[in-house]
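Residue numbers (my numbering), protein chains in the order written: chain S, 20 to 400; chain F, 3 to 223.
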């Protein structure tokens, strides 16, 4: 005896339901199609939302891990002192502290020249990666050139460039940073911090290991430096990413809401199909009742029919949704496997559950109606 | 008292929009195990109503119904269903087989909802008994009228009932086929000690019945 036969033997309502559905295949098929569309809509719109969010956070990069500390100009503080930097170093337990000086300078190589931002940093390796060459642990001599500037001046490691008449040997060309960055290196030149005029710093960038560590550092820095007067303003990019995440959460809920409408419509069509089929089978149900089938069993049988429609629609819809998700992620993110993540699984489970639930709910009224008809009335010719 | 079923002073009134129709008027009726009773009468005489009351499908307005000595007049729907399943087999004029189920499954149908491990064997045996041992897996639309009625009879017997209620059992069959169905009834009531109560127009049924009851205008004559 096959597994299916065994199941039918245990749950006779399923056997009856399965046979009843096969009676009018086109009608059952159309009812299933409604559920498929609904489940597909919810699951794929949910996954679409996930893809958008993933794409956006790829664009944003690791910025959630960085915070920027800058002097509070409103209080008349123009720059951060060595003492401020020391206090920041003490406050940050987990992450690199990079004090930055910056100004605009004329940079040239041979007959090419450009005016660009020049950053003075002691330890730029904490923020950037080299595309060519190597970033020294401590930048004491030589310069690092951002990818944009490097292209403009046609430099590579080992060349010399001149910044305001002073000559530097290029140690590395930096990798292009795609996302938003607090101190974008792309169109800049980085030189040792002593070479930039001034005694203080225009900002201090803290690069933590995680978003949470960044947040803790921000709190600690505020406590340490802003206790007596508001010396610094601390800018956390995390607040932007949190806002973006919230936005995508709302967008997802909206998309799923639209998908749900189609499922509700599918539910109405199942209600219609079940109602019609129970009315057609009035006499049969009367016979069932006459030969000793209880009301509850009639209800179970019709709910099983509705449930089967829902399960069939849900499973097919889920498979199609995974297919759609793979196609979407292959196209948008170039990573079809991005479909298989927890959030998407949740959407699929949600959609299938909602689909089956809608179907069973839609079966309730026809089932109740069929079960409560008096067999005498139903059998009357 | 050894009546398997008995109606005492049964009245059935229907309220059809202001006008009260009396379908059964003070009906006294009984049947004993192994007895074949034919209930005859013109259409509209209340035969079907009487059969419905006997079959616990309908409750009388007045009077009492006894099944195997027990008063079953005011049972709940659930209890009536249980009693129908245990005591009564139904046979209808238009067979009322489930078109999606095979002959075997149709016979098993009254036992489907409930744990009954021997049902399949009993159903097979019953179909063999009514001469359809070769047609177990045929669907109703692959069977002739007489064969369908035999499946229906096997279905009625699956729970070993004490009473067989037949509503115009030969009404949709030609004379010869009708006769073979009636022969089957005769065999069943003799071998299984089942009371057979048949409502009919068919005069040939009178030849088989131990007793004929005539119902006119809701009264037994």
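All C-beta atoms, glycine included, are put in the ideal place defined by N, C-alpha and C.
Can you name, in chain order, every residue of its own chain whose Cβ lies under 6 Å from the Cβ of residue 319 of chain S, other than the five neighbours on each side?
Here residue 319 of chain S is taken as the residue at index 300 of the first chain, counted from 1. The residues are 32.
For the region 5-32 of chain F, which segments carrying the beta strand (DSSP E) assignment without a break, of at least 3 residues, lie completely within its bounds, in sequence order?
7-18
Below-7 Å beta-carbon distance, residue 382 of chain S vs any chain F residue:
Position 363 of the first chain, counting from 1, holds the residue named residue 382 of chain S. Not one chain F Cβ lies under 7 Å of residue 382 of chain S.
Count the C-beta pairs between the region 99-109 of chain S and the region 210-224 of chain S that are closer than 8 Å, then say yes if the count reaches three, no if not.
yes
With DSSP collapsed to three states, give me the class of residue 99 of chain S.
Within the first chain, residue 99 of chain S is the residue found at index 80, counting from 1. Correct three-state label for residue 99 of chain S: strand.
Measuring CB to CB, does residue 332 of chain S end up less than 7 Å from residue 45 of chain S?
Sequence index remark: in the first chain, residue 332 of chain S carries index 313 (1-based). Sequence index remark: in the first chain, residue 45 of chain S carries index 26 (1-based). The answer is no: Cβ separation not under 7 Å.
Span separating the alpha-carbon of residue 258 of chain S from that of residue 360 of chain S
Here residue 258 of chain S refers to the residue found at position 239 of the first chain. Here residue 360 of chain S refers to the residue found at position 341 of the first chain. Here the alpha carbons of residue 360 of chain S and residue 258 of chain S stand approximately 25 Å from one another.
Under 7 Å between C-beta atoms, does residue 265 of chain S make it to chain F?
Along the first chain, read from residue 1 onward, the residue named residue 265 of chain S stands at position 246. No, residue 265 of chain S lies away from the interface with chain F (no Cβ there is under 7 Å from its Cβ).
List, in order along the chain, the chain F residues whose C-beta lies closer than 8 Å to that of residue 301 of chain S?
Along the first chain, read from residue 1 onward, the residue named residue 301 of chain S stands at position 282. Correct list: empty, because the minimum Cβ distance to chain F is about 11 Å.
Give the C-beta separation of residue 174 of chain S and residue 164 of chain S to the nearest angstrom, bearing in mind that I take them to be a contact with Cβ-Cβ under 8 Å.
Counted from its first residue, the first chain places residue 174 of chain S at position 155. Counted from its first residue, the first chain places residue 164 of chain S at position 145. Contact holds; Cβ gap of about 6 Å.
Bounding residues of the alpha helix (DSSP H) (the contiguous stretch that carries residue 316 of chain S):
In the first chain, the residue the question calls residue 316 of chain S occupies position 297. First-last of the alpha helix (DSSP H) with residue 316 of chain S: 314-351.
Continuous alpha helix (DSSP H) stretch holding residue 139 of chain S: start and end
Counting from 1 along the first chain, the entry for residue 139 of chain S is found at position 120. Segment 131-140 is the beta strand (DSSP E) holding residue 139 of chain S; no alpha helix (DSSP H) there.
Beta bridge counterpart(s) of residue 177 of chain S as assigned by DSSP
Taking the first chain and counting its residues from 1, one reaches residue 177 of chain S at position 158. Within the DSSP bridge table, the entry for residue 177 of chain S names no partner.
Under 7 Å by beta carbon: chain F residues contacting residue 316 of chain S
Residue numbering aside, residue 316 of chain S sits at position 297 when the first chain is read from its first letter. The contacting residues are 115.
Run through chain F and tell me which residues come within less than 9 Å of residue 311 of chain S, C-beta to C-beta.
Here residue 311 of chain S refers to the residue found at position 292 when the first chain is read from its first residue. Going along chain F in sequence order, the residues near residue 311 of chain S (Cβ under 9 Å) are 83, 84, 85, 86, 87, 88, 90, 112, 113, 115, 116 and 161.
Taking C-beta pairs closer than 9 Å, name the residues in chain S that residue 165 of chain F reaches, listed in chain order.
To locate residue 165 of chain F, count along the second chain from 1; it is residue 163. Chain S residues near residue 165 of chain F: none, gap ~13 Å exceeds 9 Å.
Are the CB atoms of residue 147 of chain F and residue 108 of chain F nearer to each other than 7 Å?
Taking the first residue of the second chain as 1, we reach residue 147 of chain F at position 145. Taking the first residue of the second chain as 1, we reach residue 108 of chain F at position 106. No, the pair does not count as a contact, with Cβ atoms beyond the cut-off.
Could you pull out every residue in the same chain whose Cβ sits closer than 6 Å to the Cβ of residue 314 of chain S, ignoring the five residues on either side in sequence?
By one-based count along the first chain, residue 314 of chain S stands at place 295. Only 390 meet the Cβ criterion.
Beta-carbon contacts of residue 140 of chain F that lie in its chain and below 6 Å, excluding the five residues immediately before and after:
One-based indexing of the second chain puts residue 140 of chain F at position 138. Exclusion of the five residues before and after residue 140 of chain F leaves 105 as the residues of its chain whose Cβ lies within less than 6 Å of its Cβ.
Name the residues in the region 34-47 of chain S whose C-beta lies less than 8 Å from a C-beta of chain F; which are they?
34, 35, 38, 39, 41 and 42
With a cut-off of 7 Å, does the C-beta of residue 385 of chain S fall near any C-beta of chain F?
Here the question's residue 385 of chain S lines up with position 366 in the first chain. No, residue 385 of chain S does not count as interfacial toward chain F.
Give every residue of the same chain whose Cβ lies closer than 8 Å to the Cβ of residue 1 of chain F, excluding the five residues on either side of it in the sequence, and list them in chain order.
Absent from the model: residue 1 of chain F. The displayed extent of chain F is 3 to 223, so no value can be given.
Distance, residue 158 of chain F Cα to residue 47 of chain F Cα:
The residue given as residue 47 of chain F occupies position 45 in the second chain. The residue given as residue 158 of chain F occupies position 156 in the second chain. Roughly 26 Å separates the two Cα atoms.
Rounded straight-line distance, which links the Cα of residue 58 of chain S to that of residue 117 of chain S
Here residue 117 of chain S corresponds to residue number 98 of the first chain, with the count starting at 1. Here residue 58 of chain S corresponds to residue number 39 of the first chain, with the count starting at 1. So the two alpha carbons sit approximately 50 Å from each other.
Give a yes or no on whether 7 Å exceeds the smallest Cβ distance from residue 394 of chain S to chain F.
Walking along the first chain from the start, residue 394 of chain S turns up at place 375. It does; some Cβ of chain F falls within 7 Å.
Buried versus exposed, by CB contacts within 10 Å (16 or more), residue 295 of chain S:
Taking the first residue of the first chain as 1, we reach residue 295 of chain S at position 276. Result: exposed.
Selection from S/279, S/155, S/340 and S/382 that minimises the alpha carbon distance to residue 322 of chain S
As a position in the first chain, residue 322 of chain S is number 303, starting the count at 1. Selected option, being the one with the closest Cα: S/382.
Report the residue from F/126, F/22, F/50 and F/115 whose alpha carbon sits nearest the alpha carbon of residue 30 of chain S.
In the first chain, counting from the first residue as 1, residue 30 of chain S sits at position 11. Checked all of F/126, F/22, F/50 and F/115; the closest Cα to residue 30 of chain S is F/115.
Identify each residue in the region 128-145 of chain F for which the Cβ-Cβ distance to at least one residue of chain B is less than 7 Å, and report them in chain order.
Absence of chain B from the displayed structure is noted, the protein chains being S and F.
If you follow the beta strand (DSSP E) that residue 235 of chain S is in, where does it begin and where does it stop?
In the first chain, the residue the question calls residue 235 of chain S occupies position 216. Following the DSSP letters along the chain, one finds residue 235 of chain S in no beta strand (DSSP E) but inside the alpha helix (DSSP H) bounded by residues 230-244.
Take the Cβ of residue 112 of chain F as the centre, count every other Cβ of all protein chains shown within 10 Å, and call the residue buried at 16 or more, exposed below.
By one-based count along the second chain, residue 112 of chain F stands at place 110. So residue 112 of chain F counts as buried.
Within 7 Å (strictly less), CB to CB, does residue 22 of chain S reach chain F?
The residue you call residue 22 of chain S lines up with position 3 of the first chain. No, its Cβ sits nowhere closer than 7 Å to a Cβ of chain F.
Excluding sequence positions up to five away, which residues of its chain have a Cβ less than 6 Å from the Cβ of residue 188 of chain S?
The count along the first chain starts at 1 and reaches residue 188 of chain S at position 169. The residues are 161 and 179.
Taking C-beta to C-beta, are residue 233 of chain S and residue 110 of chain S nearer than 7 Å?
For the purposes of this step, residue 233 of chain S is identified with residue 214 of the first chain, where counting begins at 1. For the purposes of this step, residue 110 of chain S is identified with residue 91 of the first chain, where counting begins at 1. Cβ distance not < 7 Å, so residue 233 of chain S and residue 110 of chain S don't count as in contact.
Residue nearest to residue 115 of chain S in terms of C-alpha spacing, selected from S/122, S/157, S/129 and S/74:
Position 96 of the first chain, counted from the first residue, corresponds to residue 115 of chain S. Cα-wise, what sits closest to residue 115 of chain S is S/157.
Could you tell me which chain F residues have their CB closer than 7 Å to the CB of residue 72 of chain S, listed as they occur along the chain?
Sequence index remark: in the first chain, residue 72 of chain S carries index 53 (1-based). Near residue 72 of chain S there are no residues of chain F at all, since even the closest Cβ is about 48 Å away, more than 7 Å.
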